[in-house]
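K.L.:
Please see the structure below; I have some questions.
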Amino acid sequence: MKTDIRQPTHALKEKNRHALLSYWDRDLVCRFANADFRYWFGETPENAVGKTTLKVLLGAAFDQHMPLIESALDGYKESELLEMEVESGKTIQVEACYFPDPGPETVAGFFLCLSEQEPLDSTYLNTQANTAGLQSGQHNGPRDCMIRVSRYLQNHLLSEFPTIKEIARAHLISPSKLMRDFRLIFGTSPHEYYRILQMEFAERYLESTGCPKKTVAMMLGFSNPTNFNLRYKRYLDEKDSAAKASPANTRPGTDHDVLIRQVPVALAVLDVNRQFLLASEKWLAEFHPDSQDVLGKSFVEFFPEHNINWPATQPGKSRVHAKPQRTCLHDRNGNRHELSLTIRPWTDHSGKPVGSIICAIRAADLVI
């Protein structure tokens with residue numbers, strides 16, 4: 001069954017990987033940090049902002065970072081692979097990226113991005129049988145390989161786009177197979193996918209920090225801010241056009257909102273683009289305990305790995321009886337959900353299919 005995973009999603013954190021996004025002024029005082037601040041330093045962002053200095057947090061590792069900090073405050077972008085001990089006591093390999101925030105006369109501060117790097121498994125790489133299997137596409141199939149490629153691109157989001165040869169070499173496949181399989185799975189090229197990821201990151205980062213577009217352009221490796229502005233505008237225009245193209249008046253009314261939220265099962269309503277319109281409280285509790293804000297977001301943003309047999313949404317096929325399907329969803333935090341899903345189209349007043357309704361029951365709760 002072909003899986004619909006064509007839409008890129010903003011995923012700086014995959015499974016057990018963590019990425020810190022933060023801003024520090026010239027006195028090295030934290031002014032902004034995302035939720036992963038706790039993983040790196042054991043503090044919540046709320047407790048750190050305006051109070052905590054980078055020197056105190058880094059401790060003995062500060063000397064490693066000091067040359068990068070000084071260079072960023074002089075107006076230069078810096079990036080280096082380092083080893084760091086995180087709050088749990090574990091030592092990990094980290095890519096540390098420093099991006100200056102130019103002010104009217106001097107650099108006002110800098111953005112610090114720390115991304116956890118996946119260590120190479122030397123035994124795996126040196127095993128000829130595994131290598132031969134990957135090269136022939138027989139190890140886990142093209143889909144699994146391309147998902148690994150997508151994560152590879154996500155981990156290079158704040159650095160330059162790796163060449164196609166580099167990506168292919170890292171995944172032990174040929175460049176031609178990479179291009180062919182990636183387009184088959186994601187419906188676009190690796191470079192275009194990478195750019196969309198960057199624009200999604202830029203949109204969220206600009207909304208959450210209010211920093212200048214020029215700074216974000218520098219963070220994302222655009223040498224010319226004008227090129228970034230044009231690309232970002234095109235991204236927003238395409239997103240707006242897609243939203244306007246959605247069927248009008250397809251959202252259930254307010255009374256239905258209340259009913260669906262309170263229904264005592266895990267229920268969700270999606271539009272034709274598989275974006276959430278409504279979700280019951282039980283659905284949110286089961287699948288989104290860390291993020292109650294799901295409306296308007298894509299299903300694959302939360303479940304990048306799934307094997308769902310979606311119902312037809314063509315007129316005349318909406319009344320086909322929907323049989324429960326046993327499946328497994330892998331959410332973006334790496335959790336596995338064994339489920340029985342019942343999915344059927346829902347229609348507007350004319351009978352035209354305008355989305356899907358999903359009812360989920362955990363496999364362990366099924367009565368045999």
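So the sequence shown is numbered by UniProt numbering: it starts at 1 and just counts up by one.
Even glycine gets a Cβ: it sits at the ideal position worked out from N, Cα and C.
As the structure is a prediction and not an experimental result, all values here were calculated from the model.
Hey, could you find the ends of the beta strand (DSSP E) residue 24 is sitting in?
P.N.:
As a working note, residue 24 is residue 24 in the sequence shown. That run of the beta strand (DSSP E) goes 19-25.
K.L.:
Taking residue 194 as part of the alpha helix (DSSP H), name the residues at either end of that continuous run.
P.N.:
By one-based count along the sequence shown, residue 194 stands at place 194. Looking at the DSSP string, the run of the alpha helix (DSSP H) that includes residue 194 is 190-209.
K.L.:
Suppose you measure from the CA of residue 106 to the CA of residue 42; what does that come to, to the nearest Å?
P.N.:
The residue labelled residue 106 in the question sits at position 106 within the sequence shown. The residue labelled residue 42 in the question sits at position 42 within the sequence shown. Whole-angstrom Cα-Cα distance: 32 Å.
K.L.:
Would you identify the three-state DSSP class for residue 170, choosing helix, strand or coil?
P.N.:
Start at 1 with the first residue of the sequence shown, and residue 170 comes out as number 170. Reduced to three states, the DSSP call for residue 170 is helix.
K.L.:
Excluding the 5 residues flanking residue 240 on each side, which residues of the same chain have their C-beta closer than 8 Å to its C-beta?
P.N.:
Your numbering for residue 240 matches position 240 in the sequence shown. Cβ neighbours of residue 240 beyond the five flanking positions: none.
K.L.:
Check whether the Cβ atoms of residue 298 and residue 274 sit closer than 8 Å, and answer yes or no.
P.N.:
As a position in the sequence shown, residue 298 is number 298, starting the count at 1. As a position in the sequence shown, residue 274 is number 274, starting the count at 1. Taking 8 Å as the Cβ cut-off, residue 298 and residue 274 qualify as a contacting pair.
K.L.:
Using 10 angstroms around the beta-carbon of residue 163, count the other beta-carbons present and answer buried if the total reaches 16, otherwise exposed.
P.N.:
Within the sequence shown, the letter at position 163 stands for residue 163. Burial call: exposed.
K.L.:
Return the CA-CA distance between residue 188 and residue 194, expressed in angstroms with no decimal places.
P.N.:
The residue given as residue 188 occupies position 188 in the sequence shown. The residue given as residue 194 occupies position 194 in the sequence shown. Cα to Cα, the separation comes out at about 10 Å.
K.L.:
So what does DSSP say about residue 362, is it helix, strand or coil?
P.N.:
Residue 362 sits at position 362 when you count from the first residue of the sequence shown. In this structure, residue 362 counts as strand in the three-state DSSP scheme.
K.L.:
Under 8 Å between the Cβ atoms of residue 326 and residue 360?
P.N.:
Your numbering for residue 326 matches position 326 in the sequence shown. Your numbering for residue 360 matches position 360 in the sequence shown. It is not a contact, given that the beta carbons lie outside the stated cut-off.
K.L.:
Could you round the C-beta distance between residue 147 and residue 305 to whole angstroms and report it? I think they count as a contact, below 8 Å.
P.N.:
Numbered from 1 along the sequence shown, position 147 holds the residue referred to as residue 147. Numbered from 1 along the sequence shown, position 305 holds the residue referred to as residue 305. At roughly 7 Å, the Cβ-Cβ gap stays under 8 Å, so residue 147 and residue 305 are in contact.
K.L.:
Please list the terminal residues of the continuous beta strand (DSSP E) segment that includes residue 346.
P.N.:
Taking the first residue of the sequence shown as position 1, residue 346 is located at position 346. Residues 336-347.
K.L.:
Could you check where the alpha helix (DSSP H) with residue 64 kicks off and where it finishes?
P.N.:
Here residue 64 corresponds to residue number 64 of the sequence shown, with the count starting at 1. From DSSP, the alpha helix (DSSP H) with residue 64 extends over 62-73.
K.L.:
Which of the three DSSP states, helix, strand or coil, is assigned to residue 326?
P.N.:
Position 326 of the sequence shown, counted from the first residue, corresponds to residue 326. Residue 326: strand per DSSP, three-state reduction.
K.L.:
Can you name the start and end residues of the alpha helix (DSSP H) that residue 176 belongs to?
P.N.:
The count along the sequence shown starts at 1 and reaches residue 176 at position 176. First-last of the alpha helix (DSSP H) with residue 176: 175-186.
K.L.:
Please name the residue or residues paired with residue 30 in a DSSP beta bridge.
P.N.:
As a first step, residue 30 must be located in the sequence shown, where it is residue number 30. DSSP output for residue 30 lists 24 as bridge partner(s).
K.L.:
Are the Cβ atoms of residue 181 and residue 108 separated by less than 8 Å?
P.N.:
The sequence position of residue 181 within the sequence shown is 181, counting from 1. The sequence position of residue 108 within the sequence shown is 108, counting from 1. Not in contact: residue 181 and residue 108 (Cβ atoms no closer than 8 Å).
K.L.:
DSSP beta-bridge partners for residue 52?
P.N.:
As a first step, residue 52 must be located in the sequence shown, where it is residue number 52. DSSP output for residue 52 lists no bridge partner at all.
K.L.:
Taking residue 157 and residue 111 to be in contact with their CB atoms under 8 Å, please state how far apart those CB atoms are, rounded to whole angstroms.
P.N.:
Taking the first residue of the sequence shown as position 1, residue 157 is located at position 157. Taking the first residue of the sequence shown as position 1, residue 111 is located at position 111. Residue 157 to residue 111, Cβ: 13 Å. No contact.
K.L.:
Out of 54, 196, 70, which one is the CA nearest neighbour of residue 233?
P.N.:
Within the sequence shown, numbered from 1, the residue matching residue 233 stands at position 233. It is 196 whose Cα lies nearest to the Cα of residue 233.
K.L.:
What is the C-beta distance between residue 87 and residue 39, in whole angstroms, given that I count them as a contact (C-beta under 8 Å)?
P.N.:
For the purposes of this step, residue 87 is identified with residue 87 of the sequence shown, where counting begins at 1. For the purposes of this step, residue 39 is identified with residue 39 of the sequence shown, where counting begins at 1. Going by Cβ atoms, the distance from residue 87 to residue 39 rounds to 7 Å, so yes, they are a contact pair.
K.L.:
Output the boundary residues of the alpha helix (DSSP H) element that contains residue 39.
P.N.:
To locate residue 39, count along the sequence shown from 1; it is residue 39. Where residue 39 is concerned, the enclosing alpha helix (DSSP H) stretches over 37-41.
K.L.:
Report the three-state DSSP secondary structure of residue 272 (helix, strand or coil).
P.N.:
As a position in the sequence shown, residue 272 is number 272, starting the count at 1. Three-state DSSP puts residue 272 in coil, outside helix and strand.
K.L.:
Residue 59 by DSSP, collapsed to three states: which one?
P.N.:
Indexing the sequence shown from 1 puts residue 59 at position 59. Helix, per DSSP.
K.L.:
Is the Cβ-Cβ distance between residue 280 and residue 295 less than 8 Å?
P.N.:
Reading the sequence shown from its first residue, position 280 is the one you call residue 280. Reading the sequence shown from its first residue, position 295 is the one you call residue 295. No, the pair does not count as a contact, with Cβ atoms beyond the cut-off.
K.L.:
What's the gap between the Cα of residue 269 and the Cα of residue 345?
P.N.:
As a working mapping, residue 269 is identified with position 269 in the sequence shown. As a working mapping, residue 345 is identified with position 345 in the sequence shown. For residue 269 and residue 345, the distance between alpha carbons rounds to 9 Å.
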